[in-house]
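Per my numbering, residue 35 is the first one in the sequence shown, and the count goes up by one each step. Note that CB positions come from ideal geometry on N, CA and C, so glycine has one too.
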Amino acid sequence: MASRQPLTAIPTHVFMGFLGSGKTSAILNLFETKPADEHWAVLVNEYGQLGIDGAHYQSQGITVKEIPGGCMCCASGVPMQVAINKLLKQSRPDRLFVETSGLGHPDGVLKTLNGEHFQKALSLKASFCLLDPEKLLNPARYANGLLEQQIALADILIANKVDLASTPAMDKFDSLVEHCLVPKLIVAKTSFGVIDSNWLELEPVVGREKDAVSLNATLSADEPTVSVFSRAFNLEQLFCRQKLEELFKRTQPTRIKAICQTDNGWLLFNGEGERLTMTIIQGQQQSRFDIILESTRAKERLEQEIESCIL
């Protein structure tokens, strides 16, 4: 049996952005442009433990490897190295997308991808950062320096969801761009995560990482303090779609990702604050909830209310 050729210079794209910025939507949109003779894969880091994003990608027929728990770069990048090695060995992709957690600092991710271990296998292309301009009006959410680091490390900066953004929010984004200390290849504005697939061919800004490291030295390395509710329910438990919708709209958690078997079929709930969308999705092995809240007390209360939505 002939041995397979080693993988070399696989184009690799890092997508950064705070919770709800539209990273998954952007990657899914890019997959719509994939040449028929190519195989693409995704490595995704999730803030929860149950793999909602991974299930979403899999429902679209996409090869995906998950690192749950929100810290892709922990343990000196070892979990990430193991995950990438498995993904490369099993799927041998022509192109790799890395979706970072909205809660974790991405500098460790880029260091791992640029490191000696993947020097031959991967060819790191321009990195992307998506943000929701409306979130810029609440600076307390970014007090830990996470947003600044994501922007500093990005070669391509994209304001997403501009269809929902107010004039003050867009003014804030424009001001942010004007005062950005690390140069960008492209600054763009879009909605629904629609971006130009030609940008996948762009190389990183020369010296960008060095500039970003210098800037990041002045930023806090702390990650946001939040309470994450992660729970799975078996197939015998059917949820009332209307009750879940009313619950999420009333409580407005920081972030909602859930795949549920409801009386209206299988649905993907995706929300943040007052925004909530529901999308039909193929059947799963279990219903899963990954929800970010501001306190442990809110987490305990929400768990009881979710259970009350079971029919």
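Reference residue i; option with closest CA among the options
i: TYR91; options: GLN115, GLU168, ASN63 and ALA222; result: ASN63
i: LEU219; options: LEU130, VAL239, ASP208 and GLU279; result: VAL239
i: GLN7; options: ALA266, THR134 and SER55; result: With the chain represented from 35 up to 345, any question about residue 7 goes unanswered, as that position is not in the structure.
i: GLY136; options: GLU150, LYS154, ILE96 and GLU182; result: GLU182
i: ASP141; options: LEU121, LEU187 and ASP128; result: LEU187
i: GLN316; options: LEU310, ILE325 and ILE293; result: ILE293
Under the three-state DSSP convention, the category residue i falls into
i: THR97; result: strand
i: PHE282; result: helix
i: GLU133; result: strand
i: ARG335; result: helix
i: PRO45; result: strand
i: VAL221; result: strand
i: GLY149; result: coil
i: GLN316; result: coil
i: ALA89; result: helix
i: ASP205; result: helix
i: ALA160; result: coil
Nearest-angstrom Cβ-Cβ length linking residue i and residue j, presumed shorter than 8 Å
i: LEU336; j: THR288; result: Not really, about 11 Å apart at Cβ, beyond 8 Å.
i: ASN194; j: THR224; result: 6 Å
i: ARG275; j: ASN298; result: 4 Å
i: ARG126; j: LEU215; result: The pair is not a contact, with the Cβ atoms about 39 Å apart (cut-off 8 Å).
i: SER157; j: VAL48; result: 12 Å between Cβ atoms; not a contact.
Distance between residue j and residue i (C-alpha atoms, nearest Å)
i: ARG170; j: ASP230; result: First, the amino acid is wrong: residue 170 is Leu here, not Arg. When rounded, the distance between both Cα atoms is 24 Å.
i: GLU339; j: ALA89; result: 24 Å
i: CYS343; j: PHE52; result: 29 Å
i: ALA203; j: GLY179; result: 19 Å
i: GLU237; j: ASN148; result: 13 Å
i: ALA255; j: HIS139; result: The pLDDT assigned to ALA255 is 49, lower than 50, so where the model puts this residue is not dependable; a value taken from the coordinates is nonetheless given after this. Answer to the nearest angstrom: the Cα atoms are 8 Å apart.
i: ALA199; j: TRP233; result: 24 Å
Contact check, residue i vs residue j, beta carbons under 8 Å
i: PHE303; j: SER264; result: no
i: GLY307; j: SER59; result: no
i: LEU77; j: VAL116; result: no
i: LEU191; j: VAL143; result: no
i: ALA75; j: VAL98; result: yes
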